[in-house]
Structures are given as structure tokens and as C-alpha cells.
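Beneath this line is the structure, given in C-alpha cells, with notes to follow.
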Amino acid sequence: MPQTPTAPPHEQLSRRVTAALGKLGLALRSEARAGASSRGMSPTQGEILVFLLRSPGSSLSEVAEALSVTRPTVSDAVDTLVRKGFVTKNKAERDPRILSLVLTEAGTAEAQLATGWPDKLHGAVDTLSKEEQAVWFRGLVKMIDRLREGGSIQAVRMCTACKHFRRNASANASAPHRCALLEIDFSDLDLRIECPEFGAR
Ligand code: SF4
1 MPQTPTAPPH EQLSRRVTAA LGKLGLALRS EARAGASSRG MSPTQGEILV FLLRSPGSSL
61 SEVAEALSVT RPTVSDAVDT LVRKGFVTKN KAERDPRILS LVLTEAGTAE AQLATGWPDK
121 LHGAVDTLSK EEQAVWFRGL VKMIDRLREG GSIQAVRMCT ACKHFRRNAS ANASAPHRCA
181 LLEIDFSDLD LRIECPEFGA R
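Here's what the structure looks like:
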């Protein structure tokens with residue numbers, strides 16, 4: 001007698017979500033590697049350029065923390081980028097003992113090339129409805145928080161990890177959270193994922 005097909009067990013959905021996220025992560029990494037190596041750079045060098053595009057003036061330690069790699073690895077990669085004319089190292093105004101890393105014009109152009117794939121990804125995300133995007137965003141923030149709390153991700157410059165974040169501190173129902181630094185109220189969907197004003201706790 002033919003078997004009636006049954007739906008996969010509910011508990012397996014989390015595994016399928018994990019597998020799908022793994023595919024996306026794999027695609028991101030392989031595209032970053034291919035892009036960087038076609039331009040004669042290591043993946044780490046490419047990631048540093050992209051990070052400095054978003055966070056100019058960062059120190060070696062800040063880059064190392066953000067990319068979850070060791071400081072010596074970042075130091076070697078930055079030295080190479082300096083030799084290639086993509087990055088300059090200067091004493092930071094905030095503290096002359098710290099070296100501040102800034103992209104040159106050529107480095108900025110390279111970094112913009114390296115951000116091409118996220119644009120493709122953005123195009124794919126844009127095909128989701130606003131409701132689907134909201135569910136994804138909330139879910140991803142929650143997952144990043146769990147991984148951060150478990151020590152699996154260290155460099156998270158997003159609101160929920162920030163010392164200025166006040167959850168549900170506003171009387172505004174549509175914007176219940178508050179940034180004590182910027183003195184703004186915002187909703188779950190306006191949480192910043194990479195904030196230049198982030199303050200570590
Ligand atoms: S400083 Fe930035 S990361 Fe921190 S709560 Fe304000 S907006 Fe969020």
C-alpha cells in the first residue's frame with residue numbers, strides 16, 4: 001500500500017533554517033574570497049577595506065575585534081594594504097598613542113568594488129515583502145544576541161549590545177526603545193546593526 005507523504009516534523013524546521021543560513025554564509029565567504037583574490041588581495045585584506053569604508057579612523061584593535069581575527073593578523077594585512085597604497089596609518093586625534101587607519105582614494109575605490117556582493121544580496125532581500133523582511137530582521141537580531149551572549153560573536157556594534165541602549169524606556173508605543181546618547185526613540189525595526197556611536201558595556 002502506498003505511503004501517505006507526511007510533513008517534515010516541526011522540530012526539523014530549525015535545522016533547515018540553520019542549513020539555509022549556512023548556504024548564505026558560504027556564498028558570502030566564497031564571493032568575498034573570489035573578489036579579493038581576483039584583485040590580488042587576501043580575504044582579510046578585502047574585509048579590512050570594507051570595514052574601514054564604514055568605520056574610518058578605526059584602530060588595529062578595533063578592526064581585529066570587528067573581524068574576529070587576531071591583532072597580529074590585522075597588523076600584517078594592514079601593512080600590506082599600506083604598501084599597496086590603499087590605507088594610511090596616522091596618530092589618532094582622540095589618543096596619539098593609537099594608530100588610526102584611513103582609506104586612501106585608491107583604497108576607497110577597492111572597498112567599493114568589494115561591497116558589490118552585498119548589493120546583490122540586498123537585491124534578493126528586496127524581493128521579500130516588508131512583513132517578511134521584518135520577521136527576518138527581528139529573528140536575525142535575536143540570533144545575533146544569543147550568539148553574542150554565548151561568546152560566539154564578540155564584535156557586535158549593534159544597539160542591543162550598546163551601553164546607551166534603553167529597551168522599552170520610551171512611552172512612545174511605536175518607538176519604545178531609547179538611545180540615551182543620541183536621545184532618540186526607535187522601534188525594533190530601527191535597531192542599528194553597525195553603529196559608529198556604539199559604546200561597549
Ligand atoms: S549609540 Fe548607536 S548602537 Fe548605541 S543605542 Fe545609540 S544608536 Fe544604538
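Residue numbers are given in this note's numbering: position 148 of the sequence shown equals residue 148, and the series is strictly consecutive.
No residue lacks a Cβ here, since even glycine has one placed at the ideal position from N, Cα and C.
Inset, instruction - Tell me, to the nearest whole angstrom, how far the beta carbon of A111 is from that of S100; I am working on the premise that it is less than 8 Å. - result: Rounded to the nearest angstrom, the Cβ distance from A111 to S100 is 16 Å, too far for a contact under 8 Å.
Inset, instruction - Check whether the Cβ of L189 sits closer than 7 Å to any heavy atom of the ligand SF4, and report yes or no. - result: For the ligand SF4, not one heavy atom lies less than 7 Å from the Cβ of L189.
Legend entry - For I98 and P56, the rounded distance between their alpha carbons: C-alpha of P56 to C-alpha of I98: approximately 14 Å in a straight line.
Legend entry - Per DSSP, cross-strand counterpart(s) of T88: Bridge partners of T88: V102.
Inset, instruction - Would you list the residues sitting across from C179 in a DSSP beta bridge? - result: BP columns for C179 point to F165, I184.
Inset, instruction - Give the straight-line distance between the Cα atoms of T88 and A161, rounded to the nearest whole angstrom. - result: The straight-line gap from Cα to Cα measures roughly 30 Å.
Legend entry - DSSP beta-bridge partners of A200: Bridge partners of A200: C162.
Inset, instruction - Measure the C-alpha to C-alpha separation of Q133 and P96 and round it to an integer number of angstroms. - result: Roughly 43 Å between the two C-alpha positions.
Legend entry - N- and C-terminal bounds of the alpha helix (DSSP H) containing V69: No alpha helix (DSSP H) holds V69; DSSP gives it neither H nor E.
Inset, instruction - Determine the direct distance from the alpha carbon of A19 to that of L13, and round the result to whole angstroms. - result: Each residue's Cα considered, the two are about 10 Å apart.
Inset, instruction - Could you say which of G22, D185, K163, M158 lies nearest to A237 if we only look at CA atoms? - result: The structure shown does not extend to residue 237, since the chain is modelled only from 1 through 201, so no value can be given for it.
Inset, instruction - Inspect the beta-carbon positions of A109 and V50 and report whether they are closer than 8 Å. - result: The Cβ-Cβ distance between A109 and V50 does not fall below 8 Å.
Inset, instruction - Please confirm whether any heavy atom of the ligand SF4 lies closer than 7 Å to the CB of R192. - result: Flag set: Cβ of R192 near the ligand SF4.
Legend entry - Distance between L181 and R166 (C-alpha atoms, nearest Å): One C-alpha to the other measures close to 10 Å.
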